[in-house]
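This report concerns only the one structure given below.
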């Protein structure tokens, strides 16, 4: 019988309750725990959804996520998670994740899989063309502005802090001023 | 957030207004419930709909969307009329005693607007203080002078009597008084009240002023800086605090340094303009350090590859008054201004107000880069509903990135807590972390500029990027730990520095040493720091956001060794206001900081000088005190009730001015586009008779760009619905579960009707007004009936319906330009 940890506890609890024995569940839980995450490697993460900052333990075995659960050590969530936080297992174990760069040509009707190298080169060429065509050294008043007016960016609160810093650095080096993200909406 | 999530447990009264934490920040309710269970705290919930939070509240008061200032203005009147304000706090820690220019006029004496309105903009010449010859602001410590801030505040809200407020808001009078009475009970030193808000307050044309009104209440009641108090901005994304801190907005560089404008040609001119000055002799005026932070930021961009003045010159500048905010971007895009566009970790085709305009705008581009975990309505816009791919020129790159458990890095929650997360597994396929992707693109751009002629190459060629290395496979591996150190900051040369607060004592640093905190940053280019408020997050002890210590020495749940909080690991900001001018905690049972005879203990003190030093505690304000009178905003130094742009009433019952006079109207010639239409602006539009508000459910996040692809979540909340009252459903012949069309002048969405007593019709000045609500998590990409091509990803559990934002208008708050998605007009038609 394939019983999940939670299912096992439920069954055990029901048996104990029915038998009327005043036995603590603790040894049962100590026995049950290794079943799913035995020999698994644990790392901690912070939930990517709302801004509470709940801590989550991710258990992996042979490079695959086998379990995610609330981190009881966190003083913020003390092991609790909501429906979204409880589902982050499915963000990693999900056949619908994009695994390859996709390209849609002008007036094209479908996606084509492309290599990173090809995509990076083509994007860089586009950036340079747009930048060179729209770069303004001075404004109408003759004041120094050094900005690229033909490219805009939105994003992203979904990135890590370090990436946010690096991304603004990248954009401002290109001369962008149309820089926005989720904080404005 | 001034305080932090765990601190909710220290409150006596919790006002939930402009948010629904039980659904949208569910784990926060652990601490709200603990306050109820352990302290007998009371929950007050004010919302147009009886939400899950309302179900847990002791008092629920319904309110018509967009009338929060009227509701709260009435509370200000109640507090002042009944002498329930915290007198000593108000006198010492706010600008209540400041004397205002006698020429300043309140809306009650000036046809509903403040003095100085010129067209759609205020001339603020009268929004000033009276000063003496020495430049010091004139004050009346007794608060009796008719021109003092306190008397003006009293006069402004004397118009907000409970009868009138009830007519405007639709809140029954007894419910208004119940909320006022319970919340005002926190004006005593031994009581604490906290307010929890989210997008229910920001997404209005008066969004900033909604929050200002509550800040005024919290200051009157002495609730800022104390445990269990504060104003809690509960943000919608896990790192939207961090991304804002790091300047991913047009108007700020990292650390809230205003983006330079063209009229400031030199770093010297920029610093002079942006560094506030004060003549108040005891004020610390922390922003006097601005030049240290701007210099250190410029160093984090270009290192020693350019002088500070050269670095400043290379940075892009705005024209004076130029606005490049979200609504403006899509407006300009629709008009063809941009050839290129990055939608990085975003889905504007569903998240942007007036999504039909956004989707049309994407078709005007030459190219777009969309970085995401899943296929989405933005990357695939060209094959969306009503689109003919053969007519859309936009070249699109959809790049797969790593999820949060497939890379490492940190993020900042709403409580300003920076926590580290670790890589658990590799991303799927050849997907890469965002940091790797942007590095590779940057290097390719730099390579092109090195080889070919092009526009102003210097900023690209001189930019530093020491954030990783090439792997054996030739691919660049971005290392967030190196960036964390860059954000913290370094000494760039050997330097002897005077110890902050210890005149004449020095400490020596070597080139490459980490900067201990921002107090050590320099304005001469000898230090770098990517974001000064994060300075102190990395030290010789390592990356402090990785810490997992569980000590709680104060017993009030600060957990100072769990991760790291900006600024300087302070958990409750403005905590200098939690003690009296002699340094004694207002409430010793809930002390945030206290003086042990020689030093402060507890939280990292904020603005607290030695006890009795006379230093006012709000050190980020030039005059050192909090602003009841706030002349910095675009739409008035006090909040005033204005109707939402699209509204169900003919007149503003408060004044002759119907809507916020300084909002940017996109329906005016030369401003917006042919697609920008509104309803019910001048007069009610019978075609769109119902108020509509957007909101969230627990099971989805944002546009559902991630959660719609997770089958557990999609099963629980499978599609678009519209929630409406039993009364409205009866009027329209709609049954629970019927398919209906919700329509605005900008678009329509098919929904399942949820007929529920959670909405009740409002009685607005004798008229019955209905409000409906819709979630904004849906989009066509995960639906069953769209066209699928071979190779397309197909959701395991399909969802139903398209984006709520197909209905919302292009109109924004007067200060922030955040769209008004919480109050607009629609019709509901049975299908």
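Residue numbers (the working numbering), protein chains in the order written: chain G, 828 to 1012; chain E, 614 to 1444. Glycine included, C-beta positions come from ideal geometry on N, C-alpha and C.
_Would residue 1148/E and residue 1105/E qualify as a contact pair, given that the criterion is a beta-carbon distance under 7 Å?_
Stepping through the second chain from its first residue, residue 1148/E is reached at position 535. Stepping through the second chain from its first residue, residue 1105/E is reached at position 492. With respect to the 7 Å criterion, residue 1148/E and residue 1105/E are not classified as neighbours on the basis of their beta carbons.
_Alpha carbons only, please: which of 873/G, 946/G, 930/G and 886/G is nearest the one belonging to residue 1007/E?_
Locating residue 1007/E in the second chain gives position 394, where the first residue counts as 1. Considering only alpha carbons, the answer is 930/G.
*Along the beta strand (DSSP E) that carries residue 1381/E, what are the first and last residues, could you check?*
Working through the second chain from its first residue, we reach residue 1381/E at position 768. Looking at the DSSP string, the run of the beta strand (DSSP E) that includes residue 1381/E is 1380 to 1382.
*Do we get a CB-CB distance below 7 Å when we pair residue 894/G with the residues of chain E?*
The count along the first chain starts at 1 and reaches residue 894/G at position 67. At a cut-off of 7 Å between beta-carbon atoms, residue 894/G makes no contact with chain E.
*What number of angstroms, rounded off, separates the C-alpha of residue 1068/E from the C-alpha of residue 860/E?*
In the second chain, residue 1068/E corresponds to position 455, counting from 1. In the second chain, residue 860/E corresponds to position 247, counting from 1. Note on geometry: alpha-carbon atoms of residue 1068/E and residue 860/E lie some 25 Å from one another.
*Between 973/E, 855/E and 950/E, which lies nearest to residue 1022/E when the distance is taken from Cα to Cα?*
Residue numbering aside, residue 1022/E sits at position 409 when the second chain is read from its first letter. Among 973/E, 855/E and 950/E, the Cα nearest to that of residue 1022/E is on 855/E.
*Taking Cβ positions, are residue 1311/E and residue 909/G nearer each other than 7 Å?*
For the purposes of this step, residue 1311/E is taken as residue 698 along the second chain, with counting starting at 1. For the purposes of this step, residue 909/G is taken as residue 82 along the first chain, with counting starting at 1. Taking 7 Å as the Cβ cut-off, residue 1311/E and residue 909/G qualify as a contacting pair.
*Go through its chain and collect everything with a Cβ distance to residue 672/E's Cβ below 8 Å, but skip five positions before and after it.*
On the second chain, position 59 is the one that residue 672/E refers to. Once the five neighbours on either side are set aside, the close Cβ partners of residue 672/E are 655, 656, 657, 658, 788, 791, 792 and 795.
*Is any beta-carbon of chain E found at less than 7 Å from that of residue 899/G?*
Mapped onto the first chain, residue 899/G falls at position 72. Taking CB atoms only, residue 899/G has no neighbour in chain E less than 7 Å away.
*Enumerate in chain order the residues of its own chain whose CB-to-CB distance from residue 849/G is below 6 Å, with the five nearest sequence positions on each side excluded.*
Along the first chain, one-based indexing puts residue 849/G at 22. Unreliable placement is indicated for residue 849/G, whose pLDDT of 48 sits below 50; the coordinate value is still reported in the next sentence. Answer for residue 849/G: no residue qualifies.
_Beta-bridge partners of residue 820/E, as assigned by DSSP_ = For the purposes of this step, residue 820/E is taken as residue 207 along the second chain, with counting starting at 1. Looking at the DSSP assignment, residue 820/E forms no beta bridge with any residue, so it has no partner.
*Endpoints, alpha helix (DSSP H) assigned at residue 998/G*: As a working mapping, residue 998/G is identified with position 171 in the first chain. First-last of the alpha helix (DSSP H) with residue 998/G: 988 to 1001.
*Taking the C-alpha atoms as reference points, what is the distance between residue 1082/E and residue 1090/E?*
As a position in the second chain, residue 1082/E is number 469, starting the count at 1. As a position in the second chain, residue 1090/E is number 477, starting the count at 1. If you take the alpha carbons of residue 1082/E and residue 1090/E, they lie about 6 Å apart.
*residue 830/G by DSSP, collapsed to three states: which one?*
In the first chain, residue 830/G corresponds to position 3, counting from 1. Annotation note: pLDDT 44 at residue 830/G (below 50); position unreliable, no value reported.
_Contact the segment 1256 to 1274 of chain E vs the segment 1387 to 1400 of chain E: 3+ CB pairs below 8 Å_ = Because the criterion of three Cβ pairs below 8 Å is not met, the segment 1256 to 1274 of chain E and the segment 1387 to 1400 of chain E do not touch.
*Look at the Cβ atom of residue 666/E, then the Cβ atom of residue 634/E, and state whether they are nearer than 7 Å.*
Reading the second chain from its first residue, position 53 is the one you call residue 666/E. Reading the second chain from its first residue, position 21 is the one you call residue 634/E. Taking 7 Å as the cut-off, the Cβ atoms of residue 666/E and residue 634/E count as close.
*7 Å Cβ cutoff, residue 959/E in contact with chain G*: Reading the second chain from its first residue, position 346 is the one you call residue 959/E. For residue 959/E, the answer is yes, since a Cβ of chain G falls inside 7 Å of its Cβ.
*asked:* What does the Cβ neighbour count give for residue 1370/E, buried or exposed, with the cut at 16 atoms within 10 Å?
replied: On the second chain, position 757 is the one that residue 1370/E refers to. Per the 10 Å Cβ criterion, exposed.
*Using DSSP with H/G/I as helix, E/B as strand and the rest coil, what is residue 849/G?*
The residue given as residue 849/G occupies position 22 in the first chain. Per-residue confidence for residue 849/G stands at a pLDDT of 48, beneath the threshold of 50, marking its modelled position as unreliable; no derived number is given.
*Pick helix, strand or coil for residue 830/E, following the three-state DSSP scheme.*
Start at 1 with the first residue of the second chain, and residue 830/E comes out as number 217. It is helical.
*Contact list for residue 1432/E against chain G, beta-carbon separation under 8 Å*: The sequence position of residue 1432/E within the second chain is 819, counting from 1. For residue 1432/E, the residues of chain G that pass the 8 Å Cβ criterion are 1012, in the order they occur in the chain.
*Simplified DSSP state of residue 1185/E, which is helix, strand or coil*: Counted from its first residue, the second chain places residue 1185/E at position 572. Three-state result, residue 1185/E: coil.
*With distances taken from CA atoms, which of 916/G, 901/G and 863/G is nearest residue 1019/E?*
Looking up residue 1019/E in the second chain gives position 406. Its Cα nearest to that of residue 1019/E, the residue 916/G stands out among 916/G, 901/G and 863/G.
*asked:* Is there a Cβ of chain G sitting closer than 7 Å to that of residue 578/E, yes or no?
replied: Nothing about residue 578/E can be reported from this structure: the residues present for chain E run from 614 to 1444 only.
_Stretch pair the segment 798 to 807 of chain E + the segment 831 to 842 of chain E: three plus CB contacts closer than 8 Å_ = Yes, they touch.
*What is the DSSP secondary structure of residue 660/E, reduced to helix, strand or coil?*
Residue 660/E sits at position 47 when you count from the first residue of the second chain. Of the three classes helix, strand and coil, the one that applies to residue 660/E here is strand, per DSSP.
*By the 10 Å Cβ neighbour count, where 16 or more other Cβ atoms means buried, how is residue 1375/E classified, buried or exposed?*
Reading the second chain from its first residue, position 762 is the one you call residue 1375/E. The residue is buried, with at least 16 neighbouring Cβ atoms inside 10 Å.
*Hey, out of 1154/E, 1115/E and 1136/E, whose CA is closest to residue 1126/E's CA?*
For the purposes of this step, residue 1126/E is taken as residue 513 along the second chain, with counting starting at 1. It is 1154/E.
*Helix, strand or coil for residue 1157/E, going by three-state DSSP, please let me know.*
For the purposes of this step, residue 1157/E is taken as residue 544 along the second chain, with counting starting at 1. Residue 1157/E: helix per DSSP, three-state reduction.
*So who's on the other strand from residue 744/E, going by DSSP bridges?*
Counted from its first residue, the second chain places residue 744/E at position 131. Answer by DSSP bridge pairing, in chain order: 750/E.
*Beta-carbon separation of residue 1109/E and residue 1118/E under 7 Å?*
Along the second chain, read from residue 1 onward, the residue named residue 1109/E stands at position 496. Along the second chain, read from residue 1 onward, the residue named residue 1118/E stands at position 505. No, the Cβ-Cβ distance between residue 1109/E and residue 1118/E is not below 7 Å.
*Closest Cβ-Cβ distance between residue 951/G and chain E: below 7 Å?*
The residue given as residue 951/G occupies position 124 in the first chain. At least one chain E Cβ lies under 7 Å of residue 951/G.
*In the structure shown, what three-state DSSP assignment does residue 855/E receive?*
Position 242 of the second chain, counted from the first residue, corresponds to residue 855/E. The answer is helix: DSSP assigns residue 855/E an H, G or I state.
_Can you give me the C-alpha to C-alpha distance between residue 823/E and residue 1060/E, rounded to a whole angstrom?_
Stepping through the second chain from its first residue, residue 823/E is reached at position 210. Stepping through the second chain from its first residue, residue 1060/E is reached at position 447. Distance between the alpha carbons of residue 823/E and residue 1060/E: 49 Å.
_Taking 7 Å as the threshold (beta carbon to beta carbon), is residue 1090/E in contact with chain G?_
Within the second chain, residue 1090/E is the residue found at index 477, counting from 1. Closer than 7 Å: no.
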